[in-house]
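Numbering-wise, the sequence shown is residues 1 to 292 according to full-length UniProt numbering. Working notes, structure below.
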Amino acid sequence: MSAASPANLRGSLFMVLAMAAFSLEDMFYKSATGDMPAGQALVIFGGLGLAIFVALALLRGQPPVTAAMLGRGLLLRSAIELFGRVFFALALAYSDLSSTSAILQATPLVVALGAVVFFGEQVGWRRWLAMAVGFAGVLIVLRPGTDAFSAGSVFAVLGMLGFAGRDLATRATPMAVSNLQLGVLGFTVLTVAGGVIMLAFGETAVMPTAPGLAKLGAAALVGVLAYNAITVAMRTGEVSVVAPFRYTRLVFALILALVVFGEQPDWPTLAGAVLIVGSGVFTLLRGARVSS
Numbered sequence: 001m002s003a004a005s006p007a008n009l010r011g012s013l014f015m016v017l018a019m020a021a022f023s024l025e026d027m028f029y030k031s032a033t034g035d036m037p038a039g040q041a042l043v044i045f046g047g048l049g050l051a052i053f054v055a056l057a058l059l060r061g062q063p064p065v066t067a068a069m070l071g072r073g074l075l076l077r078s079a080i081e082l083f084g085r086v087f088f089a090l091a092l093a094y095s096d097l098s099s100t101s102a103i104l105q106a107t108p109l110v111v112a113l114g115a116v117v118f119f120g121e122q123v124g125w126r127r128w129l130a131m132a133v134g135f136a137g138v139l140i141v142l143r144p145g146t147d148a149f150s151a152g153s154v155f156a157v158l159g160m161l162g163f164a165g166r167d168l169a170t171r172a173t174p175m176a177v178s179n180l181q182l183g184v185l186g187f188t189v190l191t192v193a194g195g196v197i198m199l200a201f202g203e204t205a206v207m208p209t210a211p212g213l214a215k216l217g218a219a220a221l222v223g224v225l226a227y228n229a230i231t232v233a234m235r236t237g238e239v240s241v242v243a244p245f246r247y248t249r250l251v252f253a254l255i256l257a258l259v260v261f262g263e264q265p266d267w268p269t270l271a272g273a274v275l276i277v278g279s280g281v282f283t284l285l286r287g288a289r290v291s292s
């Protein structure tokens, strides 16, 4: 299939749409944490998204929950995703959107490393070098041992590791589970993650304000849009063509961080982001070339 084929073009456009929507989801959630505790905001956000996916499943004549969703593979995936969701939500609440989003871009690199460790995939020296460069980029963003180091960025690293583990565990997901049912499961995990944060950090729930609820409602709507768009993207075009467009998420995040929160990432953060994105794109493209 040509890189410029209609299927690849459609898949790439849906991937860009998904990344824009995920960035808006992060922005709305982070903004809502200014009105209420992070855990409470995640419970409300997850609950709203869960309700939307349940309604969509029922409208399509699908049961929102099936026995296949309780299989060992999906339970493992959900447990790992719970870990990632907890720490990514904390990172959004207590760290800059720009640095959190930059660190998140290292997920494909960790997935590639995990494929070597857990699935015995073969990796040549070029991809090993690319992964090393990407991880160096993460260290540049973090800058441990300096005054620029933010403890909140550690949450972003832990969240990124959780998401990478979820992606690896997805290999065990049975095809009998539909996209809408996976959405139900995913937003259930979000809701539980909010409860975990509230219990672990001793958060006390407050009466949500109308603006806060509106932000979380918007986050749920764009989150559902993002989930469906990325599913269409990955099932339409070739992975080697479509997947690198995941990195447009960082561009959207940097714009929103500047416009909405007034963040101005310094040069080390931007340089680290370039290394992470560049090495990630190379790893994806090189992996596709080797496997073809």
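Using N, Cα and C, we set each Cβ at its ideal position, and we do this for glycine too.
8 Å contact criterion, which residue 194 and residue 36 should meet: CB distance rounded:
Contact flag wrong, Cβ pair sits at about 11 Å.
As assigned by DSSP and simplified to three states, the class of residue 106
coil
So, for residue 250: in the same chain, excluding its five sequence neighbours on each side, which residues have a beta-carbon less than 7 Å away from its beta-carbon?
101, 102, 105, 273 and 277
Are the CB atoms of residue 48 and residue 217 within a distance shorter than 7 Å?
yes
Minimum C-alpha distance to residue 83 - residue among 200, 243, 232 and 238:
200
What is the rounded straight-line gap between the Cα of residue 93 and the Cα of residue 19?
20 Å
Between which two residues does the alpha helix (DSSP H) holding residue 191 run?
179-200
Run through DSSP, which three-state label would residue 268 get?
helix
Report yes or no: do three or more beta-carbon pairs, one from the stretch 260-271 and one from the stretch 219-236, lie closer than 8 Å?
no
In the DSSP assignment, the alpha helix (DSSP H) including residue 25 goes from what residue to what residue?
6-32
What residue range is occupied by the uninterrupted alpha helix (DSSP H) comprising residue 162?
151-169
With DSSP run on the structure shown, which of helix, strand or coil describes residue 78?
helix
Could you check if residue 50 is buried or exposed, using at least 16 other CB atoms within 10 Å of its CB as the buried criterion?
buried
Start and end residues, alpha helix (DSSP H) containing residue 234:
210-236
Report buried or exposed for residue 28, applying the criterion of at least 16 other Cβ atoms within 10 angstroms of its Cβ.
buried
Could you spell out where the alpha helix (DSSP H) holding residue 40 opens and where it closes?
38-59
Take residue 110 and list the residues in its own chain whose beta-carbon comes closer than 6 Å to its own, dropping the five residues that flank it on each side.
164
Of the residues 97, 54 and 56, the one placed nearest residue 31, counting alpha carbons only
97
Starting from residue 251 and walking both ways along the alpha helix (DSSP H), at which residues does that stretch end?
248-261
Here's the rule: buried if 16 or more other CB atoms are within 10 angstroms of the residue's CB, otherwise exposed. What is residue 14?
buried
State yes or no: is the C-beta of residue 169 within less than 7 Å of the C-beta of residue 76?
yes
Starting from residue 129 and walking both ways along the alpha helix (DSSP H), at which residues does that stretch end?
125-142
How long is the line joining the alpha carbons of residue 248 and residue 11, rounded to whole angstroms?
14 Å
Compare the C-alpha of residue 107 against each of 138, 128, 79 and 202 and name the closest.
138
Once DSSP output is grouped into helix, strand and coil, what is the label at residue 69?
helix
Can you give me the Cβ contacts of residue 158 inside the same chain, cut-off strictly under 7 Å, excluding the 5 residues immediately before and after it?
87
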